[in-house]
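Letter by letter, the sequence shown follows residues 15 to 159 in the working numbering.
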Amino acid sequence: MINVVTETMIEAPISKVAAYASDPENAPQWYSNISSAEWVTPKPLQLGSQIAFKAEFLGRQLAYTYEIVELIPEEKLVMKTAQGPFPMETTYSWRAINERQTMMSLQNKGEPSGFSKLFAPFMAPMMKKENKKDLAKIKLILEGI
Numbered sequence: 015m016i017n018v019v020t021e022t023m024i025e026a027p028i029s030k031v032a033a034y035a036s037d038p039e040n041a042p043q044w045y046s047n048i049s050s051a052e053w054v055t056p057k058p059l060q061l062g063s064q065i066a067f068k069a070e071f072l073g074r075q076l077a078y079t080y081e082i083v084e085l086i087p088e089e090k091l092v093m094k095t096a097q098g099p100f101p102m103e104t105t106y107s108w109r110a111i112n113e114r115q116t117m118m119s120l121q122n123k124g125e126p127s128g129f130s131k132l133f134a135p136f137m138a139p140m141m142k143k144e145n146k147k148d149l150a151k152i153k154l155i156l157e158g159i
């Protein structure tokens with residue numbers, strides 16, 4: 015099992031941080047590995063919504079669909095994918111420090127299988143590095159707006 019948690023303090027209100035982060039269309043702007051996000055189900059984001067992502071990780075092109083399995087506005091968003099060699103669950107959570115600061119947490123967990131299992135010992139540190147980079151980017155974007 016891989017379980018990577020990363021967090022950052024963003025100088026912006028929780029409403030702004032949660033709204034931006036939970037909009038799948040913004041993902042390619044702040045995730046370095048995601049090249050596109052397309053709605054599979056109709057908007058708005060709700061339980062059961064599905065979003066198809068295209069990404070690159072470890073030099074491989076990946077296409078996967080996340081389903082929203084938990085959504086608590088301005089608190090938590092959990093999405094899951096079941097297909098592929100590395101089923102993944104991604105959780106965003108937000109905590110207001112005060113009216114101008116938000117702690118954002120990004121968690122990725124999953125159980126690699128097949129060929130991906132060979133890379134499991136290397137995946138967690140690489141995911142942590144990528145998550146730190148992604149959170150630094152969303153912080154830069156939101157503090158600059």
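The C-beta atom is built at its ideal place from N, Cα and C for all residues, glycine as well.
Helix, strand or coil for residue i, going by three-state DSSP, please let me know.
| i | result |
| --- | --- |
| G158 | helix |
| L59 | coil |
| F136 | helix |
| N145 | helix |
Hey, quick one: how far does the beta strand (DSSP E) through residue i stretch, first residue to last?
| i | result |
| --- | --- |
| Q121 | 115 to 124 |
| S36 | Per DSSP, S36 belongs to no beta strand (DSSP E) and is neither H nor E. |
| V92 | 90 to 95 |
| A26 | No beta strand (DSSP E) holds A26; DSSP gives it neither H nor E. |
Measuring only the C-alpha atoms, how far is residue i from residue j?
| i | j | result |
| --- | --- | --- |
| I24 | L120 | 13 angstroms |
| E166 | K68 | Because residue 166 is not part of the residues shown, which for the chain are 15 to 159, the question remains open. |
| A150 | T22 | 8 angstroms |
Just to confirm the assignment, what range does the alpha helix (DSSP H) spanning residue i have?
| i | result |
| --- | --- |
| Q43 | 41 to 44 |
Measuring CA to CA, which of the options is closest to residue i?
| i | options | result |
| --- | --- | --- |
| T104 | S127, P38, G158, N112 | P38 |
| L76 | F133, W53, F100 | F100 |
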